[in-house]
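Peer 1:
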Amino acid sequence: MAPKRPSVDDSEDGRAQKRSFAVWDNIITVTVGPEKQEEKAVHLPEDNPAGFAIIVEWLYADKIAENLDWGCMLRAYNAARRFGMSDLQNALVDVLRAQFVSWKLNPEWASYFWKNTIEGCPLRKLVLDLFYHQVLRKPDAYKKGADAAEANGKYVTEMEQLTANAQLVTALFWRFADPADRPSKEAFKMNTCFYHVHEDGKECT
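Taking our numbering as reference, the numbering of the sequence shown is continuous, increasing by one, and the terminal residue is 195.
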């Protein structure tokens, strides 16, 4: 199943979603105020329910469900970063890398991932490396026709929208302009460890 277009909101009417999860209190340690101790509940307004469901399944089953939406996996990735769950971040980036290669990372999704990740994030680096190689392989798909007789590329409109993301455009420019800034080989050929989060500078074991 091909990935859906990135969406701003998961709910159809735009209202905030709420969902409850039953989790053993010794599995996730969250510091809460004394007024919340008796309630036996922790509210996480920053976390999307679908993304948090991925975290819960990882905690109990140590796996990631198949056919997940890319947006959900991105939200789970960001939540895992806040919770210090680098093992889940690394598992998610492995799944995403495999799917990016299969389904191709179009400009719309590349911009979406870039906007919703922090600077220095390995997932952001993966997105940039993959997108760079895709443009390099088929530049005509991203180019506008020189005149009315010449057809536009498949991703021209999305590419024009991507230019509003100045940071991504600048990073992509340096990928093409500076050989030292380019990945040594295509992202799917890199060691899986290359796009992982490493605590204390240690590589994967």
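Just so you know, even glycine gets a beta-carbon here, dropped at the ideal spot from N, CA and C.
Contact between the region 56 to 65 and the region 83 to 99 is defined here as three or more beta-carbon pairs at a separation below 8 Å; is this criterion met?
Peer 2: Enough Cβ pairs lie closer than 8 Å, so yes.
Peer 1: Expressed to the nearest angstrom, what Euclidean distance is found between the alpha-carbon atoms of Asp168 and His188?
Peer 2: Cα to Cα, the separation comes out at about 27 Å.
Peer 1: Check whether the Cβ atoms of Ser145 and Asn96 lie closer than 7 Å to each other.
Peer 2: For the record, residue 145 in the displayed sequence is Tyr; it is not Ser. Yes, Cβ-Cβ distance for Tyr145 and Asn96 is below 7 Å.
Peer 1: Compare the C-alpha of Lys133 against each of Glu148, Leu120, Asp119 and His123 and name the closest.
Peer 2: Closest by alpha carbon: Glu148.
Peer 1: Where Thr182 and Gly74 are concerned, what is the direct C-alpha to C-alpha distance, given to the nearest angstrom?
Peer 2: Roughly 20 Å separates the two Cα atoms.
Peer 1: So the candidates are Asn142, Asn155, Tyr122 and Arg127; which of them puts its Cα closest to the Cα of Asp171?
Peer 2: Cα-wise, what sits closest to Asp171 is Tyr122.
Peer 1: Could you please give the first and the last residue of the uninterrupted alpha helix (DSSP H) stretch that includes Met149?
Peer 2: Start and end: Val146 to Leu152.
Peer 1: Can you tell me whether Leu116 is buried or exposed, with buried defined as 16 or more other CB within 10 angstroms of its CB?
Peer 2: Answer is buried; the Cβ neighbour count reaches 16.
Peer 1: Buried or exposed for Ser174, please, with buried defined as at least 16 other CB atoms from any protein chain shown within 10 angstroms of its CB.
Peer 2: Answer is exposed; the Cβ neighbour count stays below 16.
Peer 1: My output table needs one value for Cys194: the three-state DSSP class, helix, strand or coil.
Peer 2: Cys194: coil per DSSP, three-state reduction.
Peer 1: Apart from the five residues on each side of it in sequence, which residues of its chain come closer than 8 Å, Cβ to Cβ, to Leu152?
Peer 2: Excluding sequence neighbours, Leu152 sits near Pro97, Glu98, Ala100, Ser101, Leu158 and Val159.
Peer 1: Buried or exposed, going by whether 16 or more other CB atoms sit within 10 Å of the CB of Leu82?
Peer 2: So Leu82 counts as buried.
Peer 1: Out of Ile108, Gln124, Met180 and Glu56, which one is the CA nearest neighbour of Phe166?
Peer 2: Among Ile108, Gln124, Met180 and Glu56, the Cα nearest to that of Phe166 belongs to Gln124.
Peer 1: By Cβ distance, which residues of its chain are closer than 6 Å to Ala70, with the 5 residues on each side in sequence left out?
Peer 2: Contacts found: Leu78 and Gln79.
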